[in-house]
Amino acid sequence: MTDNAQPGRVGYREIADDLRRQIDSGELPPGSKVPGENDLTSRYGVAQLTARHALDVLKTEGLIVAKRGSGTFVREFKPIRRVSPDRLRASNSWGSGQPIWATDIGTRPRTENVAVDVELPLTSIAEVLGLDEGARVVVRRRTYVVDDKPVQLATSYYPEALVAGSAINEINTGEGGAYARLRDLGYEPVRFREELRVRMPREAERRALDITQDTPIILIVRTAYTADDQPVEVNEMVLDSAAYILEYKFTSQD
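Structure below.
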């Protein structure tokens, strides 16, 4: 296509397909510079808007990234493999003083923008946690970042009456994180329930994750329960779909 392109006969999807082929084949390896709008306009004989749309397609797919003042490059980022239920086993992670994501495979994210507040919860959160009207929750918000790129937003809710005075109210919860602190309080989480859905991002999520409006996010809502089925945490996680592979392990044994 590149050598035989003629004006008016190539659309943005064909250009995106051609560039994607070059990326998949290694002709454009990770970290290499992708032809810019002007180069594509000349090479394929198309308008600049068509070239821009082609690049936007690949950005949406997470294949290329724009670096301000430098150009557009093939993404070097390797997806994080989020392995469940390994990451929630106490012996693998928080029970041995490690963060939950220590069991994930791939580049380890760092935590940024941690904020802790006490708030009245939404009705949906209050119902899951079994709270009475007017009861408040401790809310922990944070962002996970890899190579300076946000990959996940997380918001956890804990009954205020249950975690009052503990390190869960602090920016640094200590070794093992919040689940280890819940165990210290006598509310060790032993059972988890996760709900997963895929949707388009809300504007605040799009900005926080630095993704385009047409890049879907993965929403995971996890509820943690004690041995006697008391809910002790609701965690809402918003994942950049281009950054993660979700792996689930099952057994046929009861």
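Taking this note's numbering, the leading residue of the sequence shown gets 988, the next gets one more, and so forth. Ideal placement from N, C-alpha and C gives every residue a C-beta, glycine not left out.
Buried or exposed by the 16-neighbour rule on C-beta atoms within 10 Å, applied to Q993: Taking the sequence shown and counting its residues from 1, one reaches residue 993 at position 6. Model confidence at Q993 stands at a pLDDT of 47, short of 50, so the residue's coordinates are unreliable; what they give is reported in the following sentence. For Q993, the number of other beta carbons within 10 angstroms of its own is below 16, and it is reported as exposed.
Range covered by the alpha helix (DSSP H) that runs through K1046: Locating residue 1046 in the sequence shown gives position 59, counting from the first residue. Element bounds for K1046: 1035-1047.
In DSSP terms, what G1058 is bridged to: Indexing the sequence shown from 1 puts residue 1058 at position 71. Looking at the DSSP output, G1058 bridges to K1054.
Cut-off 8 Å between Cβ atoms - residues of its own chain near E1048, not counting five sequence neighbours on either side: Here residue 1048 is taken as the residue at index 61 of the sequence shown, counted from 1. Same-chain partners within the cutoff: R1007, A1229.
Residue of V1070, P1203, D1104, S1029 minimising C-alpha distance to Y1145: Translated into positions along the sequence shown, residue 1145 becomes position 158. Of V1070, P1203, D1104, S1029, the smallest CA-CA separation from Y1145 is found for D1104.
Which residues DSSP lists as bridging T1199, in chain order: Translated into positions along the sequence shown, residue 1199 becomes position 212. As DSSP reads the structure, T1199 sits in no beta bridge.
Supposed contact pair I1158 and R1242 - C-beta distance, whole angstroms, cut 8 Å: Here the chain covers residues 988 to 1241 and nothing more, so residue 1242 does not appear.
Collapsed DSSP secondary structure at Y1031 in the structure displayed: For the purposes of this step, residue 1031 is identified with residue 44 of the sequence shown, where counting begins at 1. Helix, per DSSP.
I1002 - containing alpha helix (DSSP H), residue span: Your numbering for residue 1002 matches position 15 in the sequence shown. Bounds of the alpha helix (DSSP H) holding I1002 are 999-1012.
Residue from P1203, E1063, A1165 with nearest C-alpha to A1136: The residue given as residue 1136 occupies position 149 in the sequence shown. For the record, residue 1136 in the displayed sequence is Lys; it is not Ala. Comparing alpha-carbon positions, the option among P1203, E1063, A1165 lying closest to K1136 turns out to be E1063.
Limits of the unbroken beta strand (DSSP E) element including L1169: One-based indexing of the sequence shown puts residue 1169 at position 182. For L1169, there is no enclosing beta strand (DSSP E); the residue is found in the alpha helix (DSSP H) stretching over 1164-1171.
Endpoints, the beta strand (DSSP E) within which A1113 is located: Position 126 of the sequence shown, counted from the first residue, corresponds to residue 1113. That residue, A1113, is in no beta strand (DSSP E); its alpha helix (DSSP H) goes 1110-1116.
Separation of I1204 from V1225, as counted between CA atoms: If you number the sequence shown from 1, residue 1225 lands on position 238. If you number the sequence shown from 1, residue 1204 lands on position 217. Straight-line Cα distance between these residues: approximately 6 Å.
Residues bridged to N1222 (per DSSP): In the sequence shown, counting from the first residue as 1, residue 1222 sits at position 235. Paired residue(s): S1143, R1209.
Touching by the beta-carbon criterion (3+ pairs, under 8 Å), the segment 1050-1069 and the segment 1013-1028: The segment 1050-1069 makes contact with the segment 1013-1028, as at least three CB pairs between them are under 8 Å.
Assigned secondary structure, N991 (DSSP; H/G/I helix, E/B strand, else coil): Taking the sequence shown and counting its residues from 1, the one referred to as residue 991 is at position 4. Bear in mind that a pLDDT of 43 at N991, under 50, signals an unreliable position, so the number given afterwards is only what the model happens to contain. If DSSP states are grouped into helix, strand and coil, N991 belongs with coil.
Simplified DSSP state of N1159, which is helix, strand or coil: As a first step, residue 1159 is located in the sequence shown; it is residue number 172 there, counting from the start. When secondary structure is reduced to three states using DSSP, N1159 falls in the coil class, being assigned neither helix nor strand.
Whole-angstrom distance between R1095 and V997, CA atom to CA atom: Position 10 of the sequence shown, counting from 1, holds the residue named residue 997. Position 108 of the sequence shown, counting from 1, holds the residue named residue 1095. Answer to the nearest angstrom: the Cα atoms are 41 Å apart.
E1024 - DSSP class collapsed to helix/strand/coil: Along the sequence shown, one-based indexing puts residue 1024 at 37. Taken through DSSP and simplified to helix, strand or coil, E1024 comes out as helix.
Rounded C-alpha distance that separates G1117 from P1066: Against the sequence shown, residue 1117 aligns to sequence position 130. Against the sequence shown, residue 1066 aligns to sequence position 79. Take the alpha-carbon of G1117 and the one of P1066: they are about 36 Å apart.
Neighbour-count burial assignment, D1227, 16 or more Cβ in a 10 Å radius: For the purposes of this step, residue 1227 is identified with residue 240 of the sequence shown, where counting begins at 1. Counting the other CB atoms within 10 Å of its CB gives D1227 a total of 16 or more, which places it among the buried residues.
Option nearest R1074 by Cα separation, candidates L1149, F1179, P1108, I1002: Your numbering for residue 1074 matches position 87 in the sequence shown. Closest in alpha carbon position to R1074, among L1149, F1179, P1108, I1002, is F1179.
Closest residue to L1109 among N1100, T1098, G1121, V1101 (Cα-Cα distance): For this step, residue 1109 is matched to residue 122 along the sequence shown. Of the candidates N1100, T1098, G1121, V1101, the residue whose Cα lies closest to the Cα of L1109 is G1121.
Contacting residues, own chain, Cβ-Cβ under 6 Å from E1223 (five flanking each side not counted): To locate residue 1223, count along the sequence shown from 1; it is residue 236. Within the same chain, E1223 has close Cβ partners T1142, V1208.
Among R1129, L1042, A1148, P1188, nearest to L1140 - alpha-carbon criterion: Along the sequence shown, one-based indexing puts residue 1140 at 153. Per the Cα distances, R1129.
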